[in-house]
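Structure record follows, encoded as structure tokens.
Residue numbers (the numbering used here), protein chains in the order written: chain Z, 1271 to 1656; chain X, 10 to 146.
Printed below as a string of structure tokens:
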């Protein structure tokens, strides 16, 4: 037995108009200061048309911490909204999810937002997610990543109830993304889709979504990166992000995310960049256990190869080609991490990766030694050969 | 008995303890784990009464594993509970231990966040149970 959980997805040009019809009295709009100017005011205007009173919480940080959540929670407790509307990238949506969960469950602490918790939701408010980046897919998932600043640890909060009620996927909101952000968030989409497809929990309901998202990324991400005004590419990437979100939320992420959450938290590397960097290495690492699934992806992309192993390696090379085409770092050294810094933090990096949900559901489950090697190979840029 | 241990029984849980203490991969994955469990097998499919195992796991080793007369006999940090039919599937490798919890085939009482940080150890724990030669009632 397993589930497929999805929000109602409103997508395409003018999807934002849907918000002028939502029911409610008071909405808390969770965003950051930049997105507030670029997009959240447009969202608020639609909500006002629907007759809602609006209050903003616009203090979400990039790679949000527990204090971002705590400040937003204070606003929610004072305002008592019946609608929480997250507008932004993964940081804003994840923060809104955590605020929502704690607003509805005041007896819980943030660490309690775990898959098996008794989480009451939707008794006080519903959650609408409006993504402005084409990346995390958080608008469609039951996960939220919040950083514990004391430990430099990315907490992977997750609960089936955390899936937003409605995802409004309007491509016009993504067109202001600068090229570097387009590139990094796009690599996150690719990692979600590939990891969802090779996951031990991959299933008939997620396979098609994952393959479609992979196809869309390879076809449209370079275009969206090179030509920010190419609205077809923007729309396809915006859709790909939500599709990949649905795929991995109903199967699972894997080792690329476990590695990326570790290095992202410790070396302050934005998530998309970190996971994009780790992806080719994890494709190679997964090969011994996931040759057939990786070959299916390569086949879907019409790559040419003569063996399953070669198909997997070509897929890893295609991911590296995308990184290079978009000027993203392919190694930790390129990203400016010193070797001494890596070695000093190695035990912590490994410990964090081992405790990630991505570790256990990955097709090949790494040992601590595997993780040590993977971090070093990612530092040096070596093809994984173990 | 054909070299197999009947599940649930004192012999089975002792065999599980020995198998777990031989498992180096589990030892590594659970090297920082401290916490004891009560495994509760509720009756169905031919099992006539509830069985409970006390299992004390500490730093990658199983320090103690035994049958207890009832769930009230010991107080443990965690309680992992499910019907006999689901325990059979778990031991046969037909249920993923984490999925089993998420789909409520098993119930876990205790600090969920702590367990979710040791999912690899949990998986290896169950795989170890699959290695015990087992016969069911």
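For every residue, glycine included, the Cβ atom is placed at its ideal position computed from N, Cα and C.
Which of helix, strand or coil DSSP assigns to residue i
i	result
residue 1623/Z	helix
residue 1450/Z	helix
residue 123/X	helix
residue 1275/Z	coil
residue 1522/Z	coil
residue 1369/Z	helix
residue 10/X	For residue 10/X, the pLDDT reaches just 48, beneath the cut-off of 50, and the residue's location in the model is therefore unreliable, although a value from the coordinates is still provided. Residue state, collapsed to three classes: coil.
residue 1383/Z	coil
residue 1400/Z	strand
residue 1654/Z	coil
residue 1354/Z	strand
residue 15/X	strand
residue 1481/Z	helix
residue 1418/Z	strand
For residue j and residue i, the rounded distance between their alpha carbons
i	j	result
residue 1416/Z	residue 1620/Z	19 Å
residue 1354/Z	residue 1325/Z	10 Å
residue 1484/Z	residue 1460/Z	6 Å
residue 64/X	residue 105/X	20 Å
residue 1350/Z	residue 1357/Z	19 Å
residue 1525/Z	residue 1318/Z	43 Å
residue 75/X	residue 123/X	24 Å
residue 1568/Z	residue 53/X	47 Å
residue 1647/Z	residue 1583/Z	15 Å
residue 1637/Z	residue 34/X	8 Å
residue 1405/Z	residue 1437/Z	14 Å
residue 136/X	residue 1639/Z	21 Å
residue 117/X	residue 1284/Z	45 Å
residue 1331/Z	residue 1516/Z	25 Å
residue 1581/Z	residue 1468/Z	14 Å
residue 1360/Z	residue 1656/Z	34 Å
residue 1412/Z	residue 1372/Z	15 Å
Given residue i as reference, the closest of the options once Cα atoms are compared
i	options	result
residue 38/X	1642/Z, 1499/Z, 1655/Z, 1625/Z	1625/Z
residue 46/X	72/X, 59/X, 19/X, 16/X	72/X
residue 133/X	26/X, 94/X, 15/X, 17/X	26/X
residue 1577/Z	1557/Z, 1595/Z, 1589/Z	1557/Z
residue 1481/Z	1412/Z, 1492/Z, 1465/Z	1465/Z
residue 1593/Z	1470/Z, 1283/Z, 1449/Z	1449/Z
residue 50/X	97/X, 127/X, 140/X	97/X
residue 1274/Z	141/X, 111/X, 82/X	111/X
residue 1334/Z	1541/Z, 1455/Z, 1390/Z, 1323/Z	1541/Z
residue 79/X	69/X, 12/X, 90/X	90/X
residue 1600/Z	1641/Z, 1573/Z, 1549/Z	1549/Z
residue 1536/Z	1615/Z, 1393/Z, 1606/Z, 1610/Z	1615/Z
Minimum Cβ-Cβ distance from residue i to chain Z less than 8 Å
i	result
residue 138/X	no
residue 37/X	yes
residue 128/X	yes
residue 122/X	yes
residue 112/X	yes
residue 134/X	no
residue 108/X	yes
Residue-level contact to chain X via CB, residue i, 8 Å cutoff
i	result
residue 1410/Z	no
residue 1382/Z	yes
residue 1471/Z	yes
residue 1624/Z	yes
residue 1376/Z	no
residue 1627/Z	yes
residue 1386/Z	yes
residue 1532/Z	no
residue 1630/Z	yes
Under 8 Å from the C-beta of residue i: neighbouring residues of chain A
i	result
residue 34/X	Included in the structure are the protein chains Z and X, with no chain A among them.
Only counting runs of 4 or more residues, tell me where the alpha helix (DSSP H) segments fall wholly within the stretch 1543-1616 of chain Z, in order along the chain. For secondary structure counted as the alpha helix (DSSP H) over 4 or more consecutive residues, the stretch 1543-1616 of chain Z holds these complete runs in sequence order: 1578-1595, 1609-1614.
Could you give the uninterrupted runs of the alpha helix (DSSP H) lying entirely in the stretch 48-105 of chain X, keeping only those of 4 residues or more? Counting whole runs of 4 or more residues, the stretch 48-105 of chain X contains the alpha helix (DSSP H) stretches 93-100.
Which runs of the beta strand (DSSP E) at least 3 residues long sit entirely within the stretch 1296-1336 of chain Z? Give them in chain order. 1296-1300, 1323-1327, all fully within the stretch 1296-1336 of chain Z.
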